[in-house]
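To keep things clear, I will list the structure first and then write my remarks on it.
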Amino acid sequence: MEGSLKTEDLEAMRQAGVDVSLDHQTAPACLTVSANGKTVRDRNNYVFAPGEQCYILGKPGFIPGRCAYWEVGLGDDKVGIKESWWVGVACGSFSRQEEVKPCNENGLRLNMTPDIKLPALPRPQTLGVYLDYDKGELSFISVEDMRRIVTVATVFTGEVFPLFNPGIGDRAPMRILDVVTQNECLNVPDMIEDPKSTTPTMNTFPPDSKHPNNETSKTNHSTVP
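Okay, here's the thing in structure tokens:
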């Protein structure tokens with residue numbers, strides 16, 4: 001469910017800020033990751049093998065009793081906003097070679113059953129992700145326009161990790177931005193969707209384009225419904 005956020009609501013989420021970074025050990029050959037683990041993009045001139053995917057996990061992982069908030073940069077004024085991408089969370093046993101299919105039309109989509117299509121415009125330039133493990137809630141925030149894109153209900157089991165896919169072909173890389181240090185779970189207003197997923201992600205996908213990880217593709221970027 002979509003809705004505007006009050007400044008104090010976003011600040012409450014940011015009080016649970018965590019220093020998330022990309023886990024180099026989970027990076028597939030198709031991705032390049034900065035030394036500080038904060039920036040990822042597709043590898044230039046890389047030729048994908050059939051079925052090859054571009055998912056990478058972040059760290060730290062999260063267990064019961066934790067709330068966490070992190071922000072992902074999806075473009076800038078110089079190169080524009082990314083055309084497509086995936087951001088979410090996954091359990092440690094998630095296979096990064098599994099395909100998480102995007103929708104075939106312009107807009108945001110949740111990887112849920114059944115599918116949930118969300119208003120596409122404006123595309124977020126900075127995406128906030130707020131996890132409340134014990135409540136089983138994951139929220140996606142468009143930071144610039146103070147808009148809660150959606151909060152979904154799910155069931156977390158075991159340790160879960162941030163999940164990223166920068167897609168292929170975009171000029172803009174995907175960046176994990178700095179936020180404040182972890183504090184505590186705070187009272188954030190509920191806005192829940194009913195469908196459940198063990199790997200809730202959000203992705204965007206440009207119209208009339210092929211899947212970013214299509215076996216015929218060469219380097220290009222994508223992610224988030």
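Mapping the sequence shown onto UniProt numbering, position 176 (from 1) lands on 176, and the numbers just tick up by one.
Glycine residues also receive a C-beta, built at the ideal position from the N, C-alpha and C atoms.
Using the Cα positions of residue i and residue j, report the straight-line distance between them to the nearest angstrom.
i: GLU83; j: ASP170; result: 6 angstroms
i: ALA35; j: TYR133; result: 29 angstroms
i: ASP9; j: VAL150; result: 14 angstroms
i: GLN53; j: GLY158; result: 24 angstroms
i: THR154; j: VAL143; result: 23 angstroms
i: ASP23; j: ILE56; result: 7 angstroms
i: ARG148; j: GLY65; result: 23 angstroms
i: GLY88; j: ARG14; result: 17 angstroms
i: GLY51; j: LEU31; result: 15 angstroms
i: SER21; j: VAL152; result: 23 angstroms
i: GLY167; j: ALA12; result: 31 angstroms
i: LYS101; j: PRO122; result: In this prediction, LYS101 scores a pLDDT of 47, lower than 50, which makes its location untrustworthy; the coordinate-derived value is nonetheless stated afterwards. Taking the straight line from one Cα to the other gives about 22 angstroms.
Could you please give the first and the last residue of the uninterrupted beta strand (DSSP E) stretch that includes residue i?
i: THR32; result: 31-33
i: ARG148; result: 147-153
i: CYS91; result: 85-91
i: GLU137; result: 137-142
i: VAL56; result: For the sequence presented, residue 56 should be read as Ile rather than Val. Run containing ILE56: 56-59, per the beta strand (DSSP E) assignment.
i: THR39; result: 39-42
i: GLY73; result: 67-73
Put residue i into one of helix, strand or coil per three-state DSSP.
i: SER222; result: At SER222, the pLDDT of 32 sits below 50, so the modelled position is not reliable; the number obtained from the coordinates is stated separately. Reduced to three states, the DSSP call for SER222 is coil.
i: ASP178; result: coil
i: GLU11; result: helix
i: THR26; result: helix
i: VAL160; result: strand
i: LEU131; result: strand
i: PHE62; result: strand
i: ASP19; result: coil
i: GLY169; result: coil
i: ASP76; result: strand
i: LYS210; result: Residue placement at LYS210 is poorly supported in this model, since its pLDDT is 39, which falls under 50; the coordinates still yield a value, given next. Coil.
i: GLY3; result: strand
Indicate whether residue i and residue j have their beta-carbon atoms separated by less than 9 angstroms.
i: GLY80; j: ILE176; result: no
i: VAL160; j: TYR69; result: no
i: ILE141; j: PRO124; result: yes
i: GLU71; j: LEU138; result: no
i: GLY73; j: MET174; result: yes
i: ASP76; j: ALA16; result: no
i: CYS67; j: LEU131; result: yes
i: PHE156; j: TRP85; result: no
i: VAL179; j: VAL33; result: no
Any beta carbon of chain C sitting closer than 9 angstroms to that of residue i?
i: GLU137; result: In the displayed structure, chain C is absent; only one protein chain is listed.
Is there contact between the region 2-9 and the region 22-30, where contact requires at least three CB pairs shorter than 8 angstroms? The answer is no - the region 22-30 does not touch the region 2-9, with fewer than three Cβ pairs under 8 angstroms.
Is the region 58-69 in contact with the region 38-47, if contact means three or more CB pairs nearer than 8 angstroms? Using a Cβ-Cβ distance cut-off of 8 angstroms, the region 58-69 and the region 38-47 are not in contact, since fewer than three pairs of beta carbons, one from each stretch, lie closer than that value.
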